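First up is the structure itself, then whatever we jot down about it.
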Amino acid sequence: MSNSLYGPLPDVAEDAGYTGAPERRGFFTDTSVCIGCKACEVACKEWNAVPDDGFALTGMSYDNTGALGASTWRHVAFVEQTRPRQVGDGGDTRWLMASDVCKHCTHAACLDVCPTGALIRTEFATVVVQSDVCNGCAYCVSACPYGVIDRREDDGRAWKCTLCYDRIGDGLEPACAKACPTDSIQYGPLDELRERARARLDALHEEGVTEARLYGEDENDGVGGAGAFFLLLDEPEVYGLPPDPVVTTRDLPAMWKWAGGAALALAGGVALSFLGRR
Amino acid sequence: MAECHPVGFQWVMEAKARGARIFHIDPRFTRTSAVAHRHMPIRAGSDIVLLGALINHVLSGGHDLREYVLRYTNASVILSEDFQDTEDLGGLFSGYDAETSSYDPETWAYAGGEQEAPAAGARDEQEKGDDPDGGTSQGDGPGGPSGRITQEHGPGATYEATSSQTGHADERDETLRHPRCVYQVLKRHFARYTPEMVEQICGIAPDDFAELADAIVANSGRDRTTAWVYSVGWTQHTVGAQYIRTASILQLLLGNIGRPGGGILALRGHASIQGSTDIPTLFNLLPGYLPMPYAHHHEDLDTYLERAAGDTGFWGRKRSYMVSLLKAWWGDAATAENDFCFDYLPRLTGDHGTYHTVLDQIEGKVKGYFLLGENPAVGSAAGRLQRLGLAALDWLVVRDLQLIESATFWKNSPEIETGELTPEGIGTEVFFLPAASHVEKDGTFTNTQRLLQWHHKAIDPPDDARSDLWFIYRLGLRIRERLEGSADPVDRPVLDLTWDYPEEGPHHDPSAEAVLREINGYDADGNILSGFTALKDDGSTSCGCWIYSGCYTDGVNQTARRKPGSEQSWVAPEWGWAWPSNRRILYNRASADPQGRPWSERKAYVWWDGEQWTGHDVPDFEKTKPPSYEPPPDAKAEAALAGTDPFIMQTDGKGWLFVPRGLVDGPLPAHYEPHESPVENLLYKQQGNPVRQTYDRPGNRYEPVDSDVYPYVFTTYRLTEHHTAGGMSRFLPYLSELQPEMFCEVSPELAAERGLVHGDWATIISARTAIEARVLVTDRVRPLRIQGRVIHQIGLPYHWGSAGAVRGDSANDLLPIVLDANTHIQESKAATCDIRPGRRPQGPALRALVRRYRRMAGIPED
Numbered sequence: 401m402s403n404s405l406y407g408p409l410p411d412v413a414e415d416a417g418y419t420g421a422p423e424r425r426g427f428f429t430d431t432s433v434c435i436g437c438k439a440c441e442v443a444c445k446e447w448n449a450v451p452d453d454g455f456a457l458t459g460m461s462y463d464n465t466g467a468l469g470a471s472t473w474r475h476v477a478f479v480e481q482t483r484p485r486q487v488g489d490g491g492d493t494r495w496l497m498a499s500d501v502c503k504h505c506t507h508a509a510c511l512d513v514c515p516t517g518a519l520i521r522t523e524f525a526t527v528v529v530q531s532d533v534c535n536g537c538a539y540c541v542s543a544c545p546y547g548v549i550d551r552r553e554d555d556g557r558a559w560k561c562t563l564c565y566d567r568i569g570d571g572l573e574p575a576c577a578k579a580c581p582t583d584s585i586q587y588g589p590l591d592e593l594r595e596r597a598r599a600r601l602d603a604l605h606e607e608g609v610t611e612a613r614l615y616g617e618d619e620n621d622g623v624g625g626a627g628a629f630f631l632l633l634d635e636p637e638v639y640g641l642p643p644d645p646v647v648t649t650r651d652l653p654a655m656w657k658w659a660g661g662a663a664l665a666l667a668g669g670v671a672l673s674f675l676g677r678r
Numbered sequence: 033m034a035e036c037h038p039v040g041f042q043w044v045m046e047a048k049a050r051g052a053r054i055f056h057i058d059p060r061f062t063r064t065s066a067v068a069h070r071h072m073p074i075r076a077g078s079d080i081v082l083l084g085a086l087i088n089h090v091l092s093g094g095h096d097l098r099e100y101v102l103r104y105t106n107a108s109v110i111l112s113e114d115f116q117d118t119e120d121l122g123g124l125f126s127g128y129d130a131e132t133s134s135y136d137p138e139t140w141a142y143a144g145g146e147q148e149a150p151a152a153g154a155r156d157e158q159e160k161g162d163d164p165d166g167g168t169s170q171g172d173g174p175g176g177p178s179g180r181i182t183q184e185h186g187p188g189a190t191y192e193a194t195s196s197q198t199g200h201a202d203e204r205d206e207t208l209r210h211p212r213c214v215y216q217v218l219k220r221h222f223a224r225y226t227p228e229m230v231e232q233i234c235g236i237a238p239d240d241f242a243e244l245a246d247a248i249v250a251n252s253g254r255d256r257t258t259a260w261v262y263s264v265g266w267t268q269h270t271v272g273a274q275y276i277r278t279a280s281i282l283q284l285l286l287g288n289i290g291r292p293g294g295g296i297l298a299l300r301g302h303a304s305i306q307g308s309t310d311i312p313t314l315f316n317l318l319p320g321y322l323p324m325p326y327a328h329h330h331e332d333l334d335t336y337l338e339r340a341a342g343d344t345g346f347w348g349r350k351r352s353y354m355v356s357l358l359k360a361w362w363g364d365a366a367t368a369e370n371d372f373c374f375d376y377l378p379r380l381t382g383d384h385g386t387y388h389t390v391l392d393q394i395e396g397k398v399k400g401y402f403l404l405g406e407n408p409a410v411g412s413a414a415g416r417l418q419r420l421g422l423a424a425l426d427w428l429v430v431r432d433l434q435l436i437e438s439a440t441f442w443k444n445s446p447e448i449e450t451g452e453l454t455p456e457g458i459g460t461e462v463f464f465l466p467a468a469s470h471v472e473k474d475g476t477f478t479n480t481q482r483l484l485q486w487h488h489k490a491i492d493p494p495d496d497a498r499s500d501l502w503f504i505y506r507l508g509l510r511i512r513e514r515l516e517g518s519a520d521p522v523d524r525p526v527l528d529l530t531w532d533y534p535e536e537g538p539h540h541d542p543s544a545e546a547v548l549r550e551i552n553g554y555d556a557d558g559n560i561l562s563g564f565t566a567l568k569d570d571g572s573t574s575c576g577c578w579i580y581s582g583c584y585t586d587g588v589n590q591t592a593r594r595k596p597g598s599e600q601s602w603v604a605p606e607w608g609w610a611w612p613s614n615r616r617i618l619y620n621r622a623s624a625d626p627q628g629r630p631w632s633e634r635k636a637y638v639w640w641d642g643e644q645w646t647g648h649d650v651p652d653f654e655k656t657k658p659p660s661y662e663p664p665p666d667a668k669a670e671a672a673l674a675g676t677d678p679f680i681m682q683t684d685g686k687g688w689l690f691v692p693r694g695l696v697d698g699p700l701p702a703h704y705e706p707h708e709s710p711v712e713n714l715l716y717k718q719q720g721n722p723v724r725q726t727y728d729r730p731g732n733r734y735e736p737v738d739s740d741v742y743p744y745v746f747t748t749y750r751l752t753e754h755h756t757a758g759g760m761s762r763f764l765p766y767l768s769e770l771q772p773e774m775f776c777e778v779s780p781e782l783a784a785e786r787g788l789v790h791g792d793w794a795t796i797i798s799a800r801t802a803i804e805a806r807v808l809v810t811d812r813v814r815p816l817r818i819q820g821r822v823i824h825q826i827g828l829p830y831h832w833g834s835a836g837a838v839r840g841d842s843a844n845d846l847l848p849i850v851l852d853a854n855t856h857i858q859e860s861k862a863a864t865c866d867i868r869p870g871r872r873p874q875g876p877a878l879r880a881l882v883r884r885y886r887r888m889a890g891i892p893e894d
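Chains as they are written, first to last, in my numbering: chain A, 401 to 678; chain B, 33 to 894.
Structure (structure tokens):
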């Protein structure tokens, strides 16, 4: 039971009650080849009929969608970095781009806290909101350690990436991966993606790109490993990602234990007080 | 490239994954720079200096691929004694006439008096004595805004091509030591293009230049090739054609043309621009790069063909191309007796390019105008003049996906806001006809690799939207209906036109495949032709565009082939169809050495196997012509080229390092400053391109060189999120939200100098107008140190206008009309301006601000 809430989980779909489920599917987003074209954002909206997210210039480099939200299920971050420089000096400018998405956690807090069963684990071990069941309570919003899922203001319900559940069930790749011109977004069986990612990481390290690292690939991390993981070229915080996300329901058993202990202690105290009265 | 061609850029990323080294040379740090190995910021408008210095580096270091240069280029040709270089004339070439601001190319000829005919460029041009461009003051010479008047001309002196175009030059020096041989002329010409000049003019440090120079030299030769990729950042200058020429010289010297991994790749502004030059929307070309005839006196088909191209090389078959085209257009009406209806073709009387036409609109000389998928009110330079031109028409037809600014200028243009125009004061009757998008019709896209790719209609267009094919076809039918029975000979060209296509689908679209078959061509019996070599000059074949002949060979739409790359060779000949003859690399004879052997195993592409040419691609050479072939004295067409002449469209089969004919602004590239520049030309006394087309007139005033009033360089460009003038993006919420507002990009240094605040507004002012934009202060824009001064550059995307889901001022409004005289393309990549914090004045006060600036700079009043 403890593994259902925290730590490595070899077969996520089976844990969710599926038998004979297909291999776990996910995303590997290799930001080292991202060119920031935002085709993923547009393809996602086209396929999933997600509304626009407002027309506001953020001033955050070329990022005008800002963050993942109810109406932005893929979000490309643009990070400008420059070493101090002088006029005429070539300087050292780096422009990092990374397409963020729902992590489809091994231990998904959003799903764990959902009181209506609107959030479900699919046979591909992905996490999907059933919009016709969601009652808009927003427990999931505060539960997500990445700040991914969000409520849409005008209809009140929670929305997020479905990993194109309606495409992958038909053997198609998700819209964002399909549209990505440089294969920065790769879709497939998670084990295969992890293998590919480690090979890519080794190659980059060999090229001297020592700052390259994987994010969300480790099943010993706070969410039991993400179904959508990343190769980053800097600290996660630089991209607006939490450095050490922990599933908010990790401590539930412990909390229950403490709560139970506290209840017992309280009950004991009450009992004692009654005893004392005698 | 990542910025404007993200899909094509996947192949650069793939090359990078395989070890290619990527240099990115651009005034600003873009999405391309982000993944390139090196980004080198350059001052806009200085690229010829950089490329020239690379040529100098190659020549002075002896890094050229000598056997290639000797046998495949005109390096050994000896030039006429009369030729004088920019070295001798302070930046001008011999033959310059200051009065007309034009060149007579006579002295650029090869020694021995032989005049080569160019394979492209200026052909069948004006005769001397014509005055086709009275309204154009060219270069620094005098001239007034008197309007274009085409004068009748006498038979006066001409410099047309002679009929004795035998191709090969008479005098050569294979040792390349003769002082007048092209190789030595090049050496002297480029000697002043040094790394120091690169630093002083481009702002690129000598160490950075050395890194680039070493890299391209190390990556060129028998075993390796280097490719240059450019886009409108090279073409949109008053020296645009010469930018490409400079790159051509460099690539020829390094042996990088006609070989895998080499070349100069022109990225186009949008889909099928290549197609729209092949089967042109350009005023001066006919399909297949045949020149449009000029209004010469008594010109018949024979004299036209004499001028149109040379007799040797594959242009030697020009008569079969032209006659087959005339047969495709006028069918049975075209006979040998009536010159195949050659007289039916309209004639040119001068520059009928878009900018000249706009000025004519303002002067009331143009009554009606069709805009098919073009939004000049936002997308063309001098936007205010564009809109004033539209407002002066009697009628205007706009076919587009959305109600773009060019259709709504009469109610929402900036000129309405300033009060210069009022809706009730504009007489233009605007017809807006909704157009089908590319997914709503069949057709082809031709990409930069000359690859035709068929797209099938996915859905029918909604409501009244129709394809362009539908529109043009029906327009033709209605015009013919109106002219039916006319006895006026002027109506014959329309009435005799072959204008009959099968119709299909719910909207009765003419069949696009039938059009493609017509383009491919038929023989006398109506059989589909196999390719352009099957074309006849006697009227027995018809072909809508000779270079496309073969695209429907075997009765199969070759352009619709989509065999996956994994199921065929790495050249992928069965994906789409490339002109000519499905060749994927042009001039690929050059991928083998003179004896016909691959230059190296690694770069093997096509080769001579002892009996024929073979290899991975379709050889761009006669299949059985051996490397040892020497042409007999009076040979014509391709038979006049030797077995070692790979550039088969040239009269001499050679790559032209020096161009004796075809360019109007010089046989060699020379650096001239942009028309509006913050600095004087450090290389020559001549400041700007002496033959550039200028129009100093109200609404199009120019800023002086090195102006205190307009001290900053600006350059315009596109963003991934939007499409050109915005007709296909600004009206769509999914794209609009990604780049919702017009902005300018400035360096932190310039922001400090002018008090610009990130996220706030700025006003950018030129002699034409002022626009406002939100400020992005970014390290991606760097000040450059040029000639001891700090030069700031401002980046301006040009997508916004007064309509759409997101709106904003148009960067193109700032630009003047000043053109490359070869191409009539505007200089929109380099001009000068001022910038200051805050929004621009609204209403009539805007014009007052612009006037005040002009007065400060001493520019004439409008």
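Note that CB positions come from ideal geometry on N, CA and C, so glycine has one too.
The model shown is predicted, which means the values in this text are computed figures rather than measured ones.
#1: Using the Cα positions of residue 70 of chain B and residue 494 of chain A, report the straight-line distance between them to the nearest angstrom.
#2: Return yes when the Cβ of residue 68 of chain B is within less than 8 Å of the Cβ of residue 56 of chain B, no when it is not.
#3: Please identify the residue among B:479, B:473, B:519, B:522 whose C-alpha is closest to the C-alpha of residue 499 of chain B.
#4: Near residue 217 of chain B, which residues of its chain fall below 7 Å by C-beta distance, leaving aside the five closest residues on each side in sequence?
#5: Along chain A, in chain order, which residues have C-beta atoms closer than 7 Å to that of residue 791 of chain B?
#6: So which residues on chain B does residue 581 of chain A lean against when the C-beta distance must stay under 7 Å?
#7: Looking at residue 492 of chain A and residue 482 of chain A, is the spacing between their C-beta atoms short of 8 Å?
#8: Any heavy atom of the ligand ADP closer than 7 Å to the beta-carbon of residue 240 of chain B?
#9: Please classify residue 664 of chain B as buried or exposed, where buried requires at least 16 neighbouring CB atoms within 10 angstroms.
#10: Can you name the residues of chain A whose CB is closer than 7 Å to the CB of residue 771 of chain B?
#11: For residue 127 of chain B, is the classification buried or exposed, using 16 other Cβ atoms within 10 angstroms of its Cβ as the cut-off for buried?
#12: So, helix, strand or coil for residue 857 of chain B, using DSSP?
#13: Less than 6 Å between C-beta atoms, sequence neighbours within five positions excluded: which residues of the same chain meet that for residue 89 of chain B?
#14: Which residues does DSSP list as the beta-bridge partners of residue 105 of chain B?
#15: Against chain B, does residue 435 of chain A count as a neighbour if the rule is that its beta carbon must be under 8 Å from one of theirs?
#16: On a Cα-Cα basis, can you pick out the residue from B:770, B:353, B:301 that is closest to residue 263 of chain B?
#17: Evaluate residue 609 of chain A with the Cβ neighbour count: other Cβ atoms within 10 Å of its Cβ, from every protein chain shown; 16 or more gives buried, anything less gives exposed.
#18: DSSP three-state label for residue 558 of chain A, please.
#19: For residue 50 of chain B and residue 631 of chain B, I'd like the C-alpha separation in whole angstroms.
#20: Measuring straight from C-alpha to C-alpha, what distance separates residue 792 of chain B and residue 624 of chain A?
#21: For the alpha helix (DSSP H) holding residue 408 of chain B, just list the boundary residues, first then last.
#22: Assuming contact is defined by CB atoms lying nearer than 8 Å, are residue 534 of chain A and residue 516 of chain A in contact in what I supplied?
#23: Could you check whether the Cβ of residue 752 of chain B sits closer than 8 Å to any Cβ belonging to chain A?
#24: Give me the Cα-Cα distance between residue 891 of chain B and residue 734 of chain B, rounded to the nearest whole angstrom.
#25: Can you name the residues of chain B whose CB is closer than 9 Å to the CB of residue 454 of chain A?
#26: Express the C-alpha separation of residue 413 of chain B and residue 428 of chain B in angstroms, rounding to a whole number.
#27: Please confirm whether residue 299 of chain B and residue 37 of chain B have their CB atoms less than 8 Å apart.
#28: Does any C-beta atom of chain B lie closer than 8 Å to the C-beta of residue 445 of chain A?
A quick look at the data gives this:
#1: By one-based count along the second sequence, residue 70 of chain B stands at place 38. By one-based count along the first sequence, residue 494 of chain A stands at place 94. Cα to Cα, residue 70 of chain B sits roughly 11 Å from residue 494 of chain A.
#2: Translated into positions along the second sequence, residue 56 of chain B becomes position 24. Translated into positions along the second sequence, residue 68 of chain B becomes position 36. Yes. Within cutoff.
#3: The count along the second sequence starts at 1 and reaches residue 499 of chain B at position 467. Looking at the Cα atoms, B:473 is the closest of the given residues.
#4: The residue labelled residue 217 of chain B in the question sits at position 185 within the second sequence. Closer than 7 Å at the Cβ level, and outside the excluded window around residue 217 of chain B, lie 111, 117, 690.
#5: Start at 1 with the first residue of the second sequence, and residue 791 of chain B comes out as number 759. In chain order: 459.
#6: The residue labelled residue 581 of chain A in the question sits at position 181 within the first sequence. Result: 38, 39, 41, 42.
#7: Position 82 of the first sequence, counting from 1, holds the residue named residue 482 of chain A. Position 92 of the first sequence, counting from 1, holds the residue named residue 492 of chain A. Contact: yes.
#8: No copy of the ligand ADP appears in this structure; indeed no ligand is present at all.
#9: Position 632 of the second sequence, counted from the first residue, corresponds to residue 664 of chain B. The residue in question, residue 664 of chain B, is exposed, as its Cβ has fewer than 16 Cβ neighbours within 10 Å.
#10: The residue you call residue 771 of chain B lines up with position 739 of the second sequence. In chain order: 464.
#11: Within the second sequence, residue 127 of chain B is the residue found at index 95, counting from 1. Buried, since its Cβ has 16 or more Cβ neighbours within 10 Å.
#12: Numbered from 1 along the second sequence, position 825 holds the residue referred to as residue 857 of chain B. Reduced to three states, the DSSP call for residue 857 of chain B is coil.
#13: For the purposes of this step, residue 89 of chain B is identified with residue 57 of the second sequence, where counting begins at 1. So the list reads 245, once near-sequence residues are dropped.
#14: In the second sequence, residue 105 of chain B corresponds to position 73, counting from 1. Paired residue(s): B:687.
#15: Looking up residue 435 of chain A in the first sequence gives position 35. Cβ-Cβ to chain B under 8 Å: yes for residue 435 of chain A.
#16: Taking the second sequence and counting its residues from 1, the one referred to as residue 263 of chain B is at position 231. Ranking the options by Cα distance to residue 263 of chain B, first place goes to B:301.
#17: Locating residue 609 of chain A in the first sequence gives position 209, counting from the first residue. Classification for residue 609 of chain A: exposed.
#18: Counting from 1 along the first sequence, the entry for residue 558 of chain A is found at position 158. Residue state, collapsed to three classes: strand.
#19: Mapped onto the second sequence, residue 50 of chain B falls at position 18. Mapped onto the second sequence, residue 631 of chain B falls at position 599. For residue 50 of chain B and residue 631 of chain B, the distance between alpha carbons rounds to 21 Å.
#20: Position 760 of the second sequence, counted from the first residue, corresponds to residue 792 of chain B. Position 224 of the first sequence, counted from the first residue, corresponds to residue 624 of chain A. Computed Cα separation, rounded: 44 Å.
#21: To locate residue 408 of chain B, count along the second sequence from 1; it is residue 376. Residues 408–411.
#22: Residue numbering aside, residue 534 of chain A sits at position 134 when the first sequence is read from its first letter. Residue numbering aside, residue 516 of chain A sits at position 116 when the first sequence is read from its first letter. Yes, the Cβ-Cβ distance between residue 534 of chain A and residue 516 of chain A is below 8 Å.
#23: Mapped onto the second sequence, residue 752 of chain B falls at position 720. Yes, residue 752 of chain B counts as interfacial toward chain A.
#24: Reading the second sequence from its first residue, position 859 is the one you call residue 891 of chain B. Reading the second sequence from its first residue, position 702 is the one you call residue 734 of chain B. Cα to Cα, the separation comes out at about 8 Å.
#25: Mapped onto the first sequence, residue 454 of chain A falls at position 54. Chain B residues near residue 454 of chain A: 769, 772.
#26: As a position in the second sequence, residue 428 of chain B is number 396, starting the count at 1. As a position in the second sequence, residue 413 of chain B is number 381, starting the count at 1. Distance between the alpha carbons of residue 428 of chain B and residue 413 of chain B is about 20 Å.
#27: Taking the second sequence and counting its residues from 1, the one referred to as residue 299 of chain B is at position 267. Taking the second sequence and counting its residues from 1, the one referred to as residue 37 of chain B is at position 5. Yes, these two residues count as a Cβ contact at 8 Å.
#28: For this step, residue 445 of chain A is matched to residue 45 along the first sequence. Output row for residue 445 of chain A: interface = yes.
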